[in-house]
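Each residue of the sequence shown is one higher than the one before, counting from 631 in the working numbering.
We treat Cβ as the ideally placed atom computed from N, Cα and C, and that holds for glycine.
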Amino acid sequence: MNVEEAIKRRRSTREYENKPIPVEKLERVLNAARLAPSAHNMQDRKFVVVKDKKTKKELAKAANYQFFVGEAPVVIVGVATEPEHILSSGIPSWIDVVIAMDHITLAATEEGLGTCWIGAFDQTAAKEALKIPERYRVIELMPLGYPIRPLGIRAKDRKSLNEIVCFDKFKK
631 MNVEEAIKRR
641 RSTREYENKP
651 IPVEKLERVL
661 NAARLAPSAH
671 NMQDRKFVVV
681 KDKKTKKELA
691 KAANYQFFVG
701 EAPVVIVGVA
711 TEPEHILSSG
721 IPSWIDVVIA
731 MDHITLAATE
741 EGLGTCWIGA
751 FDQTAAKEAL
761 KIPERYRVIE
771 LMPLGYPIRP
781 LGIRAKDRKS
791 LNEIVCFDKF
801 KK
């Protein structure tokens, strides 16, 4: 599968088969995050791979009771280890965690696995469930598993390039 096909196949998966993910497959997905770029090559991120049922249920509760989070075989949690660091552009460096998590979504798609970005969650509850130190910041929760429905290419309602791309200068 090439990158464009993975982008087209990727979708938010909220129903997963009750089937474990082989270690080799999980490692390939996690390696995509490891290889993601970061500002100044700081690599100020950690990924918590959650398989424990009780902990996944705690994360589902922290995610505003989105119970499918706890039903996935794995939940990958992206953590910024220097959340207060601001790039010269004014953007927080934890944007690098987001880039790495997107690499995970594409690698997972290539492996036939489904994911779902979870950005709506209780920061304190997620940290407590995973014993993450206060100074760190959870950026995202990502359930991972075999989707009940296959990841086929389907039409997505997206704006045209003309609506989102400007050349040389910004235009409304």
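Where M631 sits in the DSSP three-state scheme:
It is coil, neither helix nor strand.
Let me know the alpha helix (DSSP H) ranges lying completely inside the stretch 645-710, each 4 residues or longer, listed in chain order.
Runs found: 653-664, 683-692, 698-701.
Test item: CB-CB of Y776 and E654 under 8 Å:
In this structure, E654 does not lie closer than 8 Å to Y776 by Cβ.
Taking its Cβ as the centre, do 16 or more other Cβ atoms sit within 10 Å of L791, making it buried, or is it exposed?
Taking a 10 Å sphere around the C-beta of L791, we find fewer than 16 other C-beta atoms and assign the residue as exposed.
Run through DSSP, which three-state label would L717 get?
DSSP places L717 outside both helix and strand once states are collapsed to three, so it counts as coil.
Only counting the same chain, and skipping five residues up and downstream in sequence, which positions put a Cβ closer than 7 Å to that of A710?
Only residues of its own chain outside the window of five on either side were considered, and among them D674, R675, W724, V727, Y766, R767, I769 have a CB closer than 7 Å to the CB of A710, listed in chain order.
Apart from the five residues on each side of it in sequence, which residues of its chain come closer than 8 Å, Cβ to Cβ, to V633?
Within the same chain, Cβ atoms closer than 8 Å to the Cβ of V633 are found at L736, the five residues on either side in sequence being excluded.
Taking buried to mean at least 16 other C-beta atoms within 10 Å of its own C-beta, is E741 buried or exposed?
With 16 or more other Cβ atoms within 10 Å, it is buried.
When you compare the CB positions of K626 and V704, do they come within less than 8 Å of one another, or not?
In this structure the chain extends from 631 to 802, so residue 626 is not present and cannot be described.
Identity of the residue in E688, L760, I748, E793 nearest V679 by Cα:
Selected option, being the one with the closest Cα: L760.
Coarse secondary structure for L774, derived from DSSP in three states
L774: strand per DSSP, three-state reduction.
Which residue comes first and which comes last in the alpha helix (DSSP H) that contains T735?
It spans 725-740 - the alpha helix (DSSP H) in which T735 sits, taken as one unbroken run.
Looking only at its own chain, which residues have a Cβ that is under 7 Å from the Cβ of G749, when we skip the five neighbours before and after it?
Counting only residues of its own chain and dropping the five nearest sequence neighbours on each side, G749 has a CB closer than 7 Å to the CB of E770.
Which residue marks the beginning of the alpha helix (DSSP H) containing T754, and which one marks its end?
Taken as a continuous stretch (DSSP letters only), the alpha helix (DSSP H) holding T754 covers 753-760.
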